[in-house]
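In the numbering used here, the protein residues as written are 40 to 184.
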């Protein structure tokens, strides 16, 4: 039986962690049943996703309504930030993660880590991947949530 893996990241906007995630997904996409959960469905790397990776998202900001209105997009992002501060992680998880997974990976600190930390299933692996510049501390950190 193929393992079901969930990766969670805020968005696929340009950046090093986002590129690393795309590279990982391209290397492992035939070995696992992969779902990518985005807080914001936008970013320059959306077109680089493997075809068999399922993409779910919380907010579709990849449409002309938001892309042409930066003030509205910034306002929405501030509201979402407040929502993530006030709502408990278990409730966020229950509202937005509908399927069951064998492995869940929060790929950056912040919203994705809070969301995945709300998982209540104890029989699976929960991981937090937080890439930090090697020049800052000398290595990349991996934490178990």
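The C-beta atom is built at its ideal place from N, Cα and C for all residues, glycine as well.
Given residue i, which residues of its chain have a CB within under 7 Å of its CB, disregarding the five upstream and five downstream residues?
i, result
"residue 99", "80"
"residue 151", "47, 48, 49, 78, 145"
"residue 94", "75, 77, 88"
"residue 41", "71, 72"
Using only CA atoms, which one of the options lies nearest to residue i?
i, options, result
"residue 63", "123, 115, 138, 92", "92"
"residue 153", "67, 140, 132", "132"
"residue 130", "109, 69, 141, 159", "159"
"residue 139", "128, 126, 125, 155", "155"
Spatial neighbours of residue i within its chain, please: CB distance less than 6 Å, with the 5 preceding and 5 following residues excluded, ordered by chain position.
i, result
"residue 82", "50, 51, 52"
"residue 57", "51, 84"
"residue 135", "97"
"residue 117", "none"
On the CB-based measure, 16 or more other CB atoms within 10 Å of its CB, does residue i come out buried or exposed?
i, result
"residue 106", "exposed"
"residue 179", "At residue 179, the pLDDT of 43 sits below 50, so the modelled position is not reliable; the number obtained from the coordinates is stated separately. Exposed: under 16 other Cβ atoms inside 10 Å."
Hey, could you find the ends of the beta strand (DSSP E) residue i is sitting in?
i, result
"residue 146", "Segment: none, residue 146 is in no beta strand (DSSP E) and carries neither H nor E."
"residue 95", "93-98"
"residue 84", "From DSSP, residue 84 is part of no beta strand (DSSP E); its letter is neither H nor E."
"residue 49", "From DSSP, residue 49 is part of no beta strand (DSSP E); its letter is neither H nor E."
Using a Cβ-Cβ cut-off of 8 Å (strictly less than) and excluding sequence neighbours within five positions of residue i, which residues of its own chain qualify?
i, result
"residue 112", "100, 105, 106"
"residue 61", "51, 84, 87, 88"
With hydrogens ignored, establish whether the beta-carbon of residue i is closer than 8 Å to any heavy atom of the ligand FAD.
i, result
"residue 141", "This structure simply doesn't include the ligand FAD, nor any ligand for that matter."
Using DSSP bridges, identify the partner residues of residue i.
i, result
"residue 76", "47, 95"
In the DSSP assignment, find the alpha helix (DSSP H) that holds residue i and state where it starts and stops.
i, result
"residue 126", "Looking at the DSSP string, residue 126 is not in any alpha helix (DSSP H), and its letter there is neither H nor E."
"residue 104", "103-106"
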